[in-house]
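Notes follow the structure.
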Amino acid sequence: MSTEAAHTDEAHATTGHYVRIAIILTILTILEVATYYVDIPFALLIPLLLVLAGMKFALVVAYYMHLRYDSKLFSGFFFFGLTIEILLLIALMVLFGIRSG
Amino acid sequence: MATVTDVRTQERVSTGAAIWSWITTIDHKRIGVLYFVTSLIYFLVAGIEALLIRLQLATPDGEILDPDLYNQLFTMHGTAMVFMVAMPMAAAFFNFLIPLMIGARDVAFPRLNAFSYWTFLGGSLLMHSSFLFGQAPDGGWFGYANLTSKEYSPGLSIDFWGLGLLVLGVASVAAALNFIITIINLRAPGMTLMRMPVFVWMTFVTSFLIIFAFPAITAALIFLEFDRLFGTNFYEVAEGGDPMLWQHLFWVFGHPEVYILVLPGFGIASEILPTFSRKPIFGYSAMVFAAVAIGFLGFSVWAHHMFTTGMGTIADAAFAGSTMLIAIPTGIKMFNWVATCFGGRIRLTTPMLFALGFLTTFLIGGLTGPMLAAVPLDLHFQDSYFVVGHFHYVLFGGLILALMGGVYYWYPKITGRMMSEKIGKVHFWLMFMSMNLTFFPMHFVGLDGMPRRVSTYAADMGWEGWNMFISISAFGIGLSVLVFLHNLVVSYKKGEPAGNDPWDARTLEWAIPSPPPEHNFDEIPQVTHRDQVWYDKYGEGHGSAAELSKVDTSVAEHAEEDEEHDVHMPNPSYWPLLVSAGLTIAAAGLLIHILVAIFGVAWTIVAIYAWSLEPASDPPNEH
Amino acid sequence: MSDAALAHEAHEEHPTSTGLNHRKILMWAFLGSECIFFGSLITTYLVYRGKSVVGPYPGEILNIPLTSVSTFVLLMSSLAMVLSLAGFERAAGAGTDEERRRSELKKGRFWLLMTAVLGTGFLGFQVYEFYEFVHHGLGLTTNLFGTTFYVLTGFHGTHVGVGVVWLVSLLVLSYFGKVKPLDVELGGLYWHFVDIVWIIIFTLIYLIPS
Ligand code: HEM
Ligand SMILES: [Cu+2]
């Protein structure tokens with residue numbers, strides 16, 4: 012009954028595959044850190060940093076945590092929590108922004 | 009079954025062994041009973057606190073309680089009713105019923121389940137031990153910052169509250185995780201999601217709300233305790249901190265919490281109404297989707313508790329709007345319940361009376377809700393007795409009445425005996441009348457301007473008439489609780505034997521003996537229909553003469569086969585209790601001395617290791 | 018693997034309604050819940066950003082180069098973690114090929130150890146960072162920044178610490194034949210989660226200038 016084993020068919024569980032992801036992650040991190048040394052207009056910097064972090068986040072979740080190949084149920088739990096939290100974060104930042112603004 | 013008789017003979021052998029078997033039990037049914045008895049005791053404690061409050065308020069310039077004690081009493085009344093009565097009593101039902109209703113032998117993690125109970129016990133005892141030191145929490149059940157700061161609340165009262173709640177939070181989240189996985193993963197063959205009883209669905213949604221709402225209050229409480237114990241600045245205005253942060257985090261948790269409280273009541277009513285109307289529940293899928301919608305929307309309305317804090321017009325309007333939106337799915341549920349009864353062959357048994365009482369009182373509480381969500385009205389109602397009236401209608405009417413109905417409905421399954429219908433009806437009418445007479449007039453004094461949380465009022469305010477009336481009615485509620493206790497005890501000894509299915513009911517738990525054997529089902533049932541047991545008894549057009557596919561569910565016939573099905577039940581364990589004890593000691597240590605806290609943490613770690621290395625059950629090849 | 022462990026495993030593979038393992042669902046549901054917990058801490062940091070009434074302020078004290086290194090260390094520990102899991106999985110799937118099983122198990126253990134070592138390295142950086150900050154006058158109670166910063170990164174660090182203990186325990190148990198791939202996978206999920214929380218913290222707290 013267990014479909015447990017099915018998700019890690021050797022194809023994406025190979026060392027090479029994992030190392031490739033790690034290389035991408037490293038490059039993204041270098042880009043992130045580079046923004047600290049290079050002058051980028053503030054309005055551009057924040058979206059840029061958020062996109063970079065989002066990509067790293069997505070890579071780890073999808074490949075290292077296997078969510079891409081695993082049951083949708085697991086993604087459901089995780090992204091439900093994540094979505095609520097992001098919405099709350101935005102709402103609270105806005106609400107506190109109004110208060111001090 | 010060896011296991012079942014084991015327990016029984018042990019009980020005959022000595023009380024020591026019997027107590028030990030309760031301490032180490034990981035049987036969901038026994039844990040359910042533990043939850044029930046404990047929460048019932050807290051119900052009495054918190055109820056006595058409420059009556060003391062009412063005694064004080066019966067006359068103007070009352071002198072029974074001094075203001076300090078008054079603060080402690082309403083705080084502990086509210087906190088205990090929410091966290092130590094409503095939630096654990098609902099958990100008692102979850103525990104006892106969920107595995108039975110989905111056709112499982114236990115929950116997914118039996119030892120984690122025991123851990124949840126013991127942690128709940130530890131946290132609640134920790135908080136209540138404050139009474140021994142005369143330092144009971146006194147900051148209200150929502151403990152607003154910065155009244156709770158060290159400066160305004162010196163002493164330990166708030167720490168008892170904060171640390172107690174943190175421990176209780178661990179218990180709730182652990183239990184909720186357990187039920188989620190049980191419901192996802194332990195359904196009997198054929199028990200698809202859309203065949204699950206509505207009660208199971210409500211448990212499912214409630215558990216989701218718990219795991220996603222509690223972390224917010226956990227964070228808020230951690231900030232609070234850091235401020236108080238280590239001098240951080242989270243709610244420290246002088247340092248730029250903002251007490252509003254507490255309010256936001258608290259209500260981000262707090263609003264889902266009210267659904268956590270009331271959805272189990274919905275679930276219970278949804279089981280009782282169809283059984284005694286002899287009709288399947290009306291609009292099953294609408295029922296389910298409405299609950300899921302309530303679960304989602306519940307996270308978007310928290311700031312309706314904060315209209316008077318000056319959030320600004322746009323924010324006020326947004327939260328008022330989202331709150332009104334919730335009225336839609338709630339209304340759907342109301343109509344479905346009514347439609348379930350409509351045209352049914354109604355039997356007015358005690359459980360049914362309570363379910364109908366739930367419907368009417370919840371309706372009233374549900375109508376004052378949108379009134380409070382209207383910002384201009386709320387600006388006047390805030391912190392008045394109108395609010396107290398409103399939430400007691402939903403909590404007492406929506407939850408306690410439903411729970412009472414649930415007790416009458418499932419008592420035969422749990423104990424094997426019927427509760428007295430005669431006493432039950434006295435109980436119902438007394439409780440129903442008194443609660444309406446108590447809480448309805450609260451709306452009036454509230455509109456007249458009587459604030460909540462004041463220990464007394466002057467004679468010339470014109471409130472004394474209603475207050476006296478309310479207090480007298482409150483003692484009517486107290487009396488009805490005594491009637492209930494009497495019924496519980498008397499029926500346990502003298503009640504009529506119930507048989508498997510005294511109500512001619514629908515769900516799987518009624519197909520097995522009362523009380524159920526330790527392993528619940530000799531054979532895991534096959535599910536083909538939503539109201540499976542009705543289907544088994546009556547075939548497709550149940551209620552009609554069609555008994556085509558009458559399947560025999562009586563267990564007597566399976567009895568001989570029994571021996572062959574060597575059912576494996578997990579072993580009892582005392583490690584869950586020890587982990588909970590370690591946690592509680594760690595929390596208490598923060599009140600006493602940091603070394604005690606460290607000791608508690610070390611104890612917890614050791615116990616966790618022992619727990620995880622202990623095999624959950626004997627390997628099957630032993631037999 | 019010892020007989021008892023094998024029997025234990027067979028016992029656990031009771032059919033479930035979804036075919037998914039209980040413990041794995043538990044872990045994911047728990048992580049969903051943890052999202053809200055860390056989210057609340059991060060939100061608190063953000064709404065209090067720039068509200069401190071006295072210094073030191075983040076811009077004066079955060080050490081981006083140092084933290085970049087520690088971030089990288091934690092990132093690499095995630096790589097080590099997946100490699101370890103792959104080793105354990107391949108060892109379990111080696112069937113009768115005893116030699117292959119041994120060598121894969123060895124790899125699994127090696128990378129498990131590496132994960133724990135890198136995690137400990139990260140904690141070392143954090144201790145050093147805290148030490149430096151205190152030295153520069155930023156204590157837990159100095160201002161709002163200190164309060165929110167230490168509590169957020171401190172709780173993250175505690176999670177890393179718990180993870181290290183967990184992984185080391187797995188490593189030790191694996192010598193007694195008590196560790197199945199699933200055990201490693203669950204520890205790994207937790208570990209990666211702690212890593213992604215740091216990815217967010219690194220961006221929101223360190224990189225976005227204030
Ligand atoms: C036995 C019947 C009950 C009576 C007579 C009663 C009476 C009261 C009164 C008079 C107050 C207001 C105290 C004040 O503001 O000064 C109060 C507060 C409260 N009650 Fe009850 N109550 C009863 C049952 C319940 C139940 C069943 C629940 C919940 C399940 C509940 C939850 C609360 C809460 C949350 C508060 C707010 C405490 C606070 O202001 O912090 N009560 N109750
Ligand atoms: Cu609300």
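First to last, the sequence lines map onto chains A, B and C. Here the first sequence is numbered in our numbering, starting from 12 and rising by one per residue. Here the second sequence is numbered in our numbering, starting from 9 and rising by one per residue. Here the third sequence is numbered in our numbering, starting from 18 and rising by one per residue. Just so you know, even glycine gets a beta-carbon here, dropped at the ideal spot from N, CA and C.
Buried or exposed (CB count within 10 angstroms, at least 16 for buried), residue i
i                : result
Thr25 (chain A)  : exposed
Pro82 (chain C)  : exposed
Ala136 (chain B) : It should be pointed out that residue 136 (chain B) corresponds to His in this sequence rather than to Ala. By the 10 Å Cβ count, His136 (chain B) comes out buried.
Tyr243 (chain B) : buried
Gln80 (chain B)  : buried
Arg353 (chain B) : exposed
Ser22 (chain B)  : exposed
Length of the line joining the Cα atoms of residue i and residue j
i                : j                : result
Lys123 (chain C) : His28 (chain A)  : 20 Å
Glu565 (chain B) : Leu105 (chain B) : With a pLDDT of 39 at Glu565 (chain B), under the threshold of 50, the modelled position of this residue cannot be trusted, and the question is left open.
Gly503 (chain B) : Val90 (chain B)  : 31 Å
Met441 (chain B) : Ile372 (chain B) : 14 Å
Val563 (chain B) : Asp114 (chain B) : Note that Val563 (chain B) scores a pLDDT of 38, beneath 50, so its modelled location is shaky; the value from the coordinates is reported in the next line. When rounded, the distance between both Cα atoms is 19 Å.
Met104 (chain A) : Leu155 (chain B) : 24 Å
His18 (chain A)  : Ile166 (chain B) : With a pLDDT of 43 at His18 (chain A), under the threshold of 50, the modelled position of this residue cannot be trusted; read the value that follows with caution. Straight-line Cα distance between these residues: approximately 49 Å.
Thr60 (chain C)  : Phe607 (chain B) : 32 Å
Pro525 (chain B) : Val182 (chain C) : 41 Å
Glu472 (chain B) : Gly486 (chain B) : 21 Å
Asn528 (chain B) : Leu194 (chain B) : 13 Å
Gly72 (chain C)  : Ile213 (chain C) : 29 Å
Val453 (chain B) : Asn475 (chain B) : 8 Å
Ala54 (chain B)  : Val309 (chain B) : 28 Å
Gly551 (chain B) : Ser186 (chain C) : Residue placement at Gly551 (chain B) is poorly supported in this model, since its pLDDT is 45, which falls under 50; the coordinates are not used for a value here.
Glu568 (chain B) : Asp530 (chain B) : Reliability of the predicted coordinates at Glu568 (chain B) is poor, the pLDDT of 38 falling under 50, and the value obtained from them is presented with this limitation in mind. Roughly 11 Å between the two C-alpha positions.
Leu7 (chain B)   : Phe207 (chain B) : Outside the shown range of chain B, which is 9 to 631, sits residue 7 (chain B), and nothing can be said about it.
Leu305 (chain B) : Gln255 (chain B) : 19 Å
Asn186 (chain B) : Leu271 (chain B) : 18 Å
Pro288 (chain B) : Ile613 (chain B) : 49 Å
Thr251 (chain C) : Arg236 (chain B) : Nothing about residue 251 (chain C) can be read from this structure; chain C reaches only from 18 to 227.
Thr84 (chain C)  : Ser588 (chain B) : 37 Å
CA nearest to the CA of residue i, picked from the options
i                : options                                   : result
Val383 (chain B) : B:Gly318, B:Arg461 and B:Gly142           : B:Gly318
Met427 (chain B) : B:Arg203, B:Thr357, B:Phe128 and B:Gly198 : B:Thr357
Leu232 (chain B) : B:Leu385, B:Met295 and B:Glu159           : B:Glu159
Gly36 (chain C)  : A:Leu98, A:Thr94, A:Thr46 and A:Asp81     : A:Asp81
Phe51 (chain B)  : B:Ala153, B:Ile188, B:Leu490 and B:Arg538 : B:Leu490
Trp30 (chain B)  : B:Val208, B:Phe258, B:Phe123 and B:Pro449 : B:Phe123
Phe222 (chain B) : C:Gly49, C:Tyr207 and C:Val70             : C:Gly49
Trp126 (chain B) : B:Gly590, B:Ala605, B:Trp611 and B:Tyr465 : B:Gly590
Gly405 (chain B) : B:Gly351, B:Leu269 and B:Pro521           : B:Leu269
Pro264 (chain B) : B:Val245, B:Met252, B:Gly303 and B:Phe234 : B:Gly303
Ile95 (chain A)  : B:Phe117, B:Phe216 and B:Ser180           : B:Phe216
Arg286 (chain B) : B:Met109, B:Met84, B:Thr214 and B:Asp539  : B:Asp539
Gly156 (chain C) : B:Leu59, B:Gly239 and B:Arg62             : B:Gly239
Chain F contact for residue i (CB, 8 Å cutoff)
i               : result
Lys83 (chain A) : Judged by its chain identifiers, the structure shown contains no chain F, and its protein chains are A, B and C.
- Task: Could you please tell me which residues of the region 37–53 of chain C, in chain order, have their CB closer than 9 Å to any CB of chain B?
- Result: Leu37, Asn38, His39, Arg40, Ile42, Leu43, Ala46, Phe47, Gly49, Ser50, Glu51, Cys52 and Ile53
Q) Which of the residues in the region 116–148 of chain B, read from start to end, lie with their CB under 9 Å from any CB of chain C? A) Ala116, Phe117 and Leu120
Run through the region 215–290 of chain B for me and flag every whole alpha helix (DSSP H) of 4 or more residues, listed as ranges in chain order. 251–285
Along the region 189–220 of chain C, where does the CB come closer than 7 Å to a CB of chain A? Name the residues. Leu206, His209, Asp212, Ile213, Ile216, Ile217 and Thr220
Under 7 Å (Cβ pairs) to chain B, residues found in the region 149–166 of chain C: Leu157, Thr158, Asn160, Leu161 and Thr164
Exercise. Could I get the ranges of all uninterrupted alpha helix (DSSP H) runs contained in the region 382–449 of chain B, with 4 residues as the minimum, in chain order?
Key: 383–389, 393–400 and 409–423
Please specify which runs of the alpha helix (DSSP H), each continuous and at least 4 residues long, are wholly inside the region 477–522 of chain B, giving them in chain order.
-> none
Contact residues within the region 185–217 of chain B, judged by C-beta distance below 7 Å to chain C = Leu185, Ile188, Ile189, Ile192, Asn193, Leu194 and Arg195
Exercise for review: Could you please tell me which residues of the region 84–117 of chain B, in chain order, have their CB closer than 8 Å to any CB of chain C?
Suggested key: Ala116 and Phe117
Selection of the region 73–103 of chain C by Cβ proximity to chain B, strictly under 8 Å: none
Taking a cut of 7 Å between CB atoms, which residues from the region 120–137 of chain C lie near chain A? none
request  = Please list the residues of the region 171–182 of chain B that have a C-beta atom closer than 9 Å to any C-beta atom in chain C, keeping them in chain order.
outcome  = Val181
Taking beta-carbon pairs under 8 Å, can you tell me which members of the region 54–69 of chain A lie near chain C?
Leu56, Ile57, Leu60, Leu61, Leu63, Ala64, Lys67 and Phe68
Between the region 245–266 of chain B and chain C, which residues of the former have CB atoms less than 7 Å from a CB of the latter, in chain order?
Glu247, Gly248, Gly249, Leu253 and Leu257
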